[in-house]
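Visitor: Structure incoming, see below.
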Amino acid sequence: MDNPRVFDHEMNELKDTILKMGVMVQGLIHKAVDSLKNLDRNLAEEVIKEDEKVDQLELEIDEKCIQLVALRQPEASDLRFLMTGMRISNDLERIGDLAEDIAERAVELSGAPLLKPLIDIPKMGAITEEEISLILDAFVNRNSAKAKSVWDKERQVDKLRDMVHDELVGIMSQDSSTVSRALPLLLVSRHLERISDHVTNIAEDVIYMVEGRVVKHGGSPS
Amino acid sequence: MPYIIETEKLNLFYGDFQAIINVNLKVSKNTITALIGPSGCGKSTLLRIFNRMNDLIDGVKTTGSVKFDGKEILGEDVDLINLRKRIGMVFQRPNPFPLSVFENVVYGLRVHGEKRRDVLDEAVFKSLSSVLLYDDLKDKLSVNALTLSLEQQQRLCIARLIAVTPDVLLMDEPCSALDPVSTMRIEELMAELKKEYTIIIVTHNMQQAARVSGECGFMLLGELVEFSNTKQIFTAPKDKRTDEYITGRYG
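Chains as they are written, first to last, in UniProt numbering: chain A, 1 to 222; chain B, 1 to 251.
Below, the structure written as structure tokens:
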């Protein structure tokens, strides 16, 4: 019964732009964590600069969504897609900002050797990257089961954040001279945990888009 | 919740062709219910069942049950004049009689034998006021109704129904002959009329159904595919066919 519509073409373009933004943000997380791991100031500065492109894409997506709502008066699944698209671009933009925050911590730390070789923070970074792959796949293929699978990953990230926290607090309490080098790492673990939270927001939106069911905050008020 | 109209296992046949298939519909009092669906899906036929207008067509057979205010209306012994007084219909094109504004409004009352001038005057005042036409037309009650604008004519047709104090107003594409501004004003009028009457509207204009109705039914090939509150239908319909139709994918 599916008839191709001009609208479908525009919606697909929008979907592609969101996908592009997602992949870009995923790359930023990777580079930001690498820049920290290797104390690579140049790479960190590259991340800070590239985040501007992410911001531009958010503007582009917002404008396209508003335009489609105004001109096409979408209903039902089309409406849910557009509303979700706007929210996803907003969460991706926040994730981009957090990657930039991580890169700024790398710049801060780049003057002196790392407190210790990083193990858990790169693990957290790798899991958040996987989360983004999963959620983009769920969005593009309208797969709510895949969207739900990000909550498992989020719990792993939370656990690692707690471990990093305990470890760094231990180091700082033994030797207060480590504070200036430990605190930025503590913040990085917090940034990564926030990234993971944003991915779960996107997961909630994807479930709404696919099933028409509100799952955030325990469900719809009505 | 008292339902003013309730159908059960309703079927309608035009000869061998089944135009309505097993429709179970419950319409609540003082609501606007919209029926949407592609041309030929049976929505106008369903609407016409409610005041037995299909009886005028040869070879039509209706089975099942339709209750109006709790009473069966499909039987042989139903007083059709009274039924159509209580369930009136507004059509696509305004169809005032080629008479004065006044005579149009009181036509139904005259048919029912009303002659008292004060009663007729009062009916004209009340009916024209309720369709927000009185101020515009109070000095033109004797002009021929066909000289009015289309929107005024449609309002007059609604006033003509209201004069005989119905319970339900059936509207079959009531705005399709009107421009967007007139359409908007008729929609505002519907929202006003809902306080006193129950309205069932058939419309091809999806946005109109979304704007005016509280409940909405999607029909396809004679079946009522989905019936739910309008918000649900236009944000997250349960049936894939409903989604395909209102997003324009159905063809």
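For every residue, glycine included, the Cβ atom is placed at its ideal position computed from N, Cα and C.
Going by the beta-carbon positions, is the gap between Gly214(B) and Thr198(B) smaller than 8 Å?
Guide: no
Visitor: Around the Cβ of Thr147(B), are there at least 16 other Cβ atoms within 10 angstroms (buried) or fewer (exposed)?
Guide: exposed
Visitor: Take the Cβ of Thr183(B) as the centre, count every other Cβ of all protein chains shown within 10 Å, and call the residue buried at 16 or more, exposed below.
Guide: buried
Visitor: Closest by CA to Arg84(B), which one among Phe68(B), Leu150(B), Arg185(B) and Tyr14(B)?
Guide: Phe68(B)
Visitor: In angstroms, rounded to a whole number, what distance separates the CA positions of Cys37(B) and Leu57(A)?
Guide: In the sequence on display, residue 37(B) carries Gly and not Cys. Cα-Cα distance, rounded: 38 Å.
Visitor: If the cut is a Cβ gap below 7 Å, which residues of chain B does Gln73(A) touch?
Guide: Gln207
Visitor: Taking the alpha carbon of Ser44(B) as the point to measure from, which residue in Phe125(B), Met219(B), Lys240(B) and Arg116(B) has its own alpha carbon closest?
Guide: Met219(B)
Visitor: In the UniProt domain "PhoU" (18-105) of chain A, which residues sit with their C-beta less than 8 Å from some C-beta in chain B, listed in chain order?
Guide: Gln73, Pro74, Glu75, Ala76, Ser77, Asp78, Leu79 and Arg80
Visitor: Which residues of chain B have a Cβ atom closer than 7 Å to the Cβ of Gly218(A), listed in chain order?
Guide: Close to Gly218(A), with beta-carbon spacing below 7 Å, lies no residue of chain B; the smallest spacing is near 18 Å.
Visitor: From what residue to what residue does the beta strand (DSSP E) around Ala34(B) run?
Guide: Run containing Ala34(B): Ile32 to Ile36, per the beta strand (DSSP E) assignment.
Visitor: Against chain B, does Gly170(A) count as a neighbour if the rule is that its beta carbon must be under 8 Å from one of theirs?
Guide: no
Visitor: Grab me the residues of Phe7(A)'s own chain with a C-beta within less than 6 Å of its C-beta, minus the 5 sequence neighbours each way, in chain order.
Guide: Arg72
Visitor: Would the segment 45-57 of chain A count as touching the segment 23-32 of chain A if we require 3 or more Cβ pairs under 8 Å?
Guide: With the cut-off at 8 Å, the segment 45-57 of chain A and the segment 23-32 of chain A touch.
Visitor: Give the straight-line distance between the Cα atoms of Asp40(A) and Glu13(A), rounded to the nearest whole angstrom.
Guide: When rounded, the separation of the alpha-carbon atoms in Asp40(A) and Glu13(A) is 36 Å.
Visitor: DSSP three-state label for Gly217(B), please.
Guide: strand
Visitor: Determine whether the beta carbon atoms of His165(A) and Ser189(A) lie at a separation below 8 Å.
Guide: yes
Visitor: Taking C-alpha atoms, which residue in Glu75(A), Asp101(A) and Gly218(A) lies nearest to Pro184(A)?
Guide: Taking only the C-alpha atoms, the option nearest Pro184(A) is Asp101(A).
Visitor: Taking the straight line between their C-alpha atoms, what separation do you get for Gln156(A) and Ile121(A)?
Guide: Gln156(A) and Ile121(A): Cα-Cα distance of roughly 12 Å.
Visitor: Which residues bound the alpha helix (DSSP H) around Phe102(B)?
Guide: Val101 to Val111
Visitor: Work out the CA separation of Gln232(B) and Leu98(A) for me, nearest whole Å.
Guide: 37 Å
Visitor: Secondary structure at Ile73(B), three-state DSSP: helix, strand or coil?
Guide: Under the three-state reduction of DSSP output, Ile73(B) falls in the coil class, being neither helix nor strand.
Visitor: Which two residues bound the contiguous beta strand (DSSP E) that contains Gly88(B)?
Guide: Segment Ile87 to Val90, the beta strand (DSSP E) holding Gly88(B).
Visitor: Kindly say whether Gly212(A), judged by its beta-carbon, lies nearer than 8 Å to any beta-carbon of chain B.
Guide: So yes, Gly212(A) belongs to the interface.
Visitor: Which residues bound the alpha helix (DSSP H) around Met124(A)?
Guide: Asp120 to Val140
Visitor: What residues of chain A sit near Pro180(B), judged by a beta carbon separation below 7 Å?
Guide: Residues of chain A passing the Cβ test: none, with the nearest at roughly 14 Å.
Visitor: I'd like to check one pair, Leu114(A) with Ala182(A): are the Cβ atoms closer than 8 Å?
Guide: no
Visitor: When DSSP labels each residue in this structure, what does Glu196(B) get in the three-state scheme?
Guide: coil
Visitor: Using the beta-carbon count (16 or more within 10 Å), is Phe227(B) buried or exposed?
Guide: buried
Visitor: For the segment 134-141 of chain A against the segment 186-205 of chain A, are there 3 or more C-beta pairs whose distance is under 8 Å?
Guide: Taking a contact to require three or more Cβ pairs closer than 8 Å, the segment 134-141 of chain A and the segment 186-205 of chain A qualify as touching.
Visitor: Output, in chain order, the set of chain A residues within a Cβ distance shorter than 7 Å of Pro237(B).
Guide: Ala76
Visitor: Answer yes or no: does any C-beta atom of chain A fall closer than 8 Å to that of Ile57(B)?
Guide: no
Visitor: If the cut is a Cβ gap below 8 Å, which residues of chain A does Ile246(B) touch?
Guide: Glu75 and Ala76
Visitor: Taking only the alpha-carbon atoms, compute the straight-line gap between His198(A) and Glu131(A) and give it to the nearest angstrom.
Guide: 10 Å
Visitor: Can you give the Cα-Cα distance for His217(A) and Lys148(A), rounded to whole angstroms?
Guide: Those two C-alpha atoms are separated by around 15 Å.
Visitor: Measuring alpha carbon to alpha carbon, tell me which residue in Ser177(A), Arg87(A), Arg80(A) and Leu186(A) is nearest Arg213(A).
Guide: Here the closest residue by C-alpha is Arg80(A).
Visitor: Hey, how far is the Cα of Asn82(B) from the Cα of Leu109(B)?
Guide: 12 Å
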